[in-house]
Amino acid sequence: KFPSAMSYLNACSCHRFHVGRDLLTKRPNPYMPYSDTLQPALPVYIVLESNALIAEDIIGSLRATGPCRVIRVERPEMLVSSLHTESAVTAAFLEMPYRELVQSDLHQSLADSGARIILTIGEDDESVVLQQGWGMLVRPFTEQMIREALTPRRDADSH
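Going by the numbering used here, the first residue of the sequence shown is number 107, and it counts up by one from there.
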């Protein structure tokens, strides 16, 4: 009955719409970050890294993938306050050993924000990290390795 309204709804790339019995409900497109204003939200990345040069390499590679926001922190305790201000986090690159991460509540807070967890140290724990569905960025790394770390591995999904 309202072709112009439906045309607008079909043209929206950041949401999918589901027609219920008598009402139209907005459902988020799981493949694109979104905001309540129907504008695609920028990906948000967290970089927890004590070494400024390594942090800048990671940040530069993330920014090379496209527009984004990057939050850099040097210590895990600084990260908690940053998480409270973000509604969604795309990925977190953490200079943190696996055991330290799972003993803290940080991994749950990151999971609650939707973040893909990527550890940047502790290569000895790589198999356990991958079993959790997290990523591992082995040093020294390249820009290509950073981009690959953002995508979940297929074999990690089967565990």
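Backbone N, C-alpha and C define an ideal beta-carbon position, used for all residues, glycine too.
No experiment lies behind these values; they were computed from the predicted model shown.
- Note: Tyr204 is not bridge-paired with any residue in the DSSP secondary-structure output.
- An exposed status is given to Pro246, since fewer than 16 other beta-carbon atoms sit within 10 Å of its beta-carbon.
- When secondary structure is reduced to three states using DSSP, Gly241 falls in the strand class.
- Taking C-beta separations shorter than 7 Å and ignoring five residues to either side along the sequence, the partners of Ser210 in its chain run Pro182, following chain order.
- The C-alpha of Phe199 is placed about 12 Å away from the C-alpha of His213.
- Per the coordinates, the alpha-carbon of Arg259 lies some 8 Å from the alpha-carbon of Gly239.
- Within the same chain, Leu225, Glu232, Val235 come within 6 Å of Met242 by CB-CB distance, once the 5 residues on both sides are set aside.
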